[in-house]
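A short worksheet on the structure shown next.
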Amino acid sequence: METLKEAENAIVEEFSMYDEWLDKYEYLIELGKSLTDYPESEKTDDKLIKGCQSRVWLDYKFDNDKIVFSADSDAIITKGIISLLIGLYSGRTPAEILSSDFSVVEKIGLRENLSPTRANGLVSMIAKIKEIAAENV
Amino acid sequence: MFPALSRKVYGKNIVYFDNAATTQRVKSVLDKWNEVSIHSNANIHRAVHRLSDEATRAYEEARDAVRSFINAESREEIVFTSGTTAAVNLVAFCFGEAFIEEGDEVVVTEAEHHSNLVPWQMMCKRKKAFLRVLPINDDGHLVLDKLDSILSPRTKIMAVTHVSNVLGIVNPVKGIIAKCHDRGIPVFVDGAQGIVHCKVDVREMDCDFYAFSGHKLYAATGTGVLYGKKKWLDAMPPYMGGGEMVGNVSFAETTYAPLPLKYEAGTQNFASIATLKPAIEFVKLLNNNKLTKYTDSVKEYMLNTLALHSKVRLYGVPQGTSKDKIPVFSFSVDGVHHEDLALVLDKMGIAVRSGQMCAEPLMERLGLTGVLRASLAPYNTLEEVEYFVKCLNIAIGMFA
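Here the protein sequences line up with chains A and B, keeping their order. Start counting the first sequence at 841; every next residue gets the next number (my numbering). Start counting the second sequence at 790; every next residue gets the next number (my numbering).
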């Protein structure tokens, strides 16, 4: 498996291929659609990430020492964003996750291209991933 | 006329369809703000010097303009606040202090903005009073038949929106007021949306209170207006204490200033308030112009297009003619989240609102987690509406 750094760089490269933001959205929509394994029964309030306009649920389990995330959202672009995040950080140890500076979201221009309310949602998603990692070091 | 509209977003001409949240400022408004701020900046009402006199004049001229615009009987009945929300809070608090006792009832409707709901709820909690709710039907219209059974001998005040910020339906407030007055119940009307699109004559309407925000009417932000019948404004205690609102102050006792200053404690947002005058002059110009015919046709086009769109579910379809509907269009698209559509439309240069529109109980009633809302102003054109519809279809296609 590629290192977290390599995976982050790959995403940055992938995004740099699209000039238009609408194309980036298309990419996120596809990513969102590919996220299908989140069970309805786990869409509970305790798994809801606060601070997003749309609803985002994030759950995790352990595979030996690695955290495996699963997520869902009722909005597809947001689902694409959480899909992108868990694609990077799922299947990694808490220490690996915490070693990231999460600058990938800035590098792909995601933060600046979302309105502040939606950027807050993104910040909340990252904070939750970090929190889960920190709790399980 | 509207400098903000000449800009581009993401390289595209801005199509600003979020006018129900705030309108763009007309140039005469910006000029007035600059004039007061640059030329006549001094605290109002207090000093005898020239600058203060000019600033005071600009502020008080705005009061006269508002009085005549809504046909209030006297300028004492016009209180400036920071916005509609502040006006509702003022009345909910002060009316509550003066007239509400344990076990009393306050009536609101199911279609209220949080601003015309939460302040009443807070007051009811403080006074151990009860909040009663006039429902809407599935089409978003108030169920007026139920009003009689909801009003009771314990009802002390009713608060109703002139026009819902979600549905855009003009409520029959005059009839509601008449019914309430038959029982001696005063009525507070939230005019945040109504003042923008309806001709408001407070004496003809006979409302006891009417509140609106200047920034939705082409004026600067922080320009709220509270109209209140003198008898109520006199009978209620002041809201905030401080400078300006006092008669004589001593440690033993303080008397209060006469209306309207009794309710205007502290330094007011005078440079912005002054812009209400040019804003109202602009609205009057609009109303006396052939432009209304054009804006009506743009509204009709939008209404018909969305109402007949196979994938769009429009909330707040007028029962009679489109006269009962202001150009506020809230809708959802089956299977597509409102946030997704708003994000894509934004990148196409179109500004629309998405979410709960500060009306959670109404969203709950309609069984929605949110809507997309396009709200038009007279500067919006038919071409813009056509572009919006085209982009909406593209956006829907992206998520299908």
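Backbone N, C-alpha and C define an ideal beta-carbon position, used for all residues, glycine too. Owing to the predicted nature of the structure, the values given are computational and were not obtained by experimental measurement.
| Query | Result |
| --- | --- |
| Quick check: does the Cβ of B/I803 come within less than 7 Å of any heavy atom belonging to the ligand SAH? | Among the ligands in the structure shown, none appear at all, so the ligand SAH cannot be discussed. |
| Ignore the nearest five residues each way along the sequence and tell me which others in B/S1002's own chain have a CB closer than 7 Å to its CB. | G872, T873, A981, T1012 and G1013 |
| Exposed or buried, B/Q1145, counting other C-beta atoms within 10 Å across all chains shown (16 or more means buried)? | buried |
| So what does B/D820 bridge to, in DSSP terms? | According to DSSP, B/D820 bridges with nothing at all. |
| Contact between the stretch 1022-1033 of chain B and the stretch 1046-1066 of chain B is defined here as three or more beta-carbon pairs at a separation below 8 Å; is this criterion met? | yes |
| Answer with buried or exposed for B/N1058, where buried requires no fewer than 16 other C-beta atoms within 10 angstroms of its C-beta. | buried |
| For B/A1189, count neighbouring C-beta atoms within 10 Å of its own C-beta (all shown protein chains included) and say buried if the count is 16 or more, exposed if not. | exposed |
| Please classify B/A1140: does DSSP put it in a helix, a strand, or coil? | strand |
| Quick one, which residues of the stretch 915-934 of chain A are near chain B if we go by CB-CB under 7 Å, in chain order? | A915, I916, I917 and T918 |
| Could you say which of B/L1065, B/H834, B/V949 and B/I859 lies nearest to B/R814 if we only look at CA atoms? | B/L1065 |
| At a CB distance below 7 Å, what residues from the stretch 857-879 of chain A approach chain B? Give them in sequence order. | W861, L862, Y865, E866 and I869 |
| To which residues does DSSP link A/A911 through a beta bridge? | A/L898 |
| Between A/K887, A/M841, A/E882 and A/V944, which has its C-alpha nearest A/I921's C-alpha? | A/V944 |
| Pull up the DSSP beta-bridge partners for B/E894, would you. | B/F919 and B/T944 |
| Return the first residue and the last residue of the alpha helix (DSSP H) that B/T1081 is part of. | L1080 to L1097 |
| Grab the span of the beta strand (DSSP E) containing A/L888 for me, first residue to last. | That residue, A/L888, is in no beta strand (DSSP E); it is neither H nor E in DSSP. |
| Is it right to say A/L868 is buried, meaning 16 or more other beta carbons lie within 10 angstroms of its own, or is it exposed? | buried |
| Anything in chain B within Cβ reach of A/S939, meaning under 7 Å, just list it in chain order. | None at all; the shortest Cβ gap to chain B is about 31 Å. |
| Give every residue of the same chain whose Cβ lies closer than 6 Å to the Cβ of B/A881, excluding the five residues on either side of it in the sequence, and list them in chain order. | P908, W909 and M912 |
| For A/K887 and A/L924, what's the separation of their Cα atoms in angstroms? | 18 Å |
| Grab the span of the beta strand (DSSP E) containing B/R1162 for me, first residue to last. | V1160 to S1164 |
| Run through the DSSP bridge pairs and tell me what B/F977 is partnered with. | B/A948 and B/F998 |
| Given that a residue counts as buried once 16 or more other Cβ atoms are within 10 Å of its Cβ, and exposed if not, what is B/Y799? | exposed |
| Suppose you measure from the CA of B/G1017 to the CA of B/K821; what does that come to, to the nearest Å? | 27 Å |
| Using the C-alpha atoms, what's the distance from B/K1179 back to B/N860? | 42 Å |
| Of the residues that make up the stretch 1112-1125 of chain B, which ones have a beta carbon closer than 9 Å to any beta carbon in chain A? | V1125 |
| Using a Cβ cut-off of 8 Å, which residues of the stretch 885-908 of chain A contact any Cβ in chain B, in chain order? | Q893, S894 and R895 |
| Taking the beta carbon of B/R835 as the centre, do at least 16 other beta carbons fall within 10 Å, making it buried, or is it exposed? | exposed |
| Would you call the CB atoms of B/V955 and B/L1151 closer than 8 Å? | yes |
| What are the residues of the stretch 1151-1182 of chain B that lie near chain A, defined by any Cβ-Cβ distance shorter than 8 Å? | T1158 and G1159 |
| Could you check how far apart the C-beta atoms of B/F806 and B/I1139 are, in whole angstroms? I think they sit under 8 Å. | 6 Å |
| Are any of the Cβ atoms in chain A nearer than 8 Å to that of B/N1187? | At residue 1187 of chain B the sequence reads Met, which differs from the Asn that was named. For B/M1187, the answer is yes, since a Cβ of chain A falls inside 8 Å of its Cβ. |
| Less than 7 Å between C-beta atoms, sequence neighbours within five positions excluded: which residues of the same chain meet that for B/L732? | The shown model of chain B, from 790 to 1189, leaves out residue 732 of chain B, and the question about it has no answer. |
| With DSSP collapsed to three states, give me the class of B/N802. | strand |
| Report all residues from its chain with a CB closer than 7 Å to the CB of A/S913; omit the five preceding and five following residues, and keep chain order. | S894, R895, V896, K919 and I922 |
| B/N1182 by DSSP, collapsed to three states: which one? | helix |
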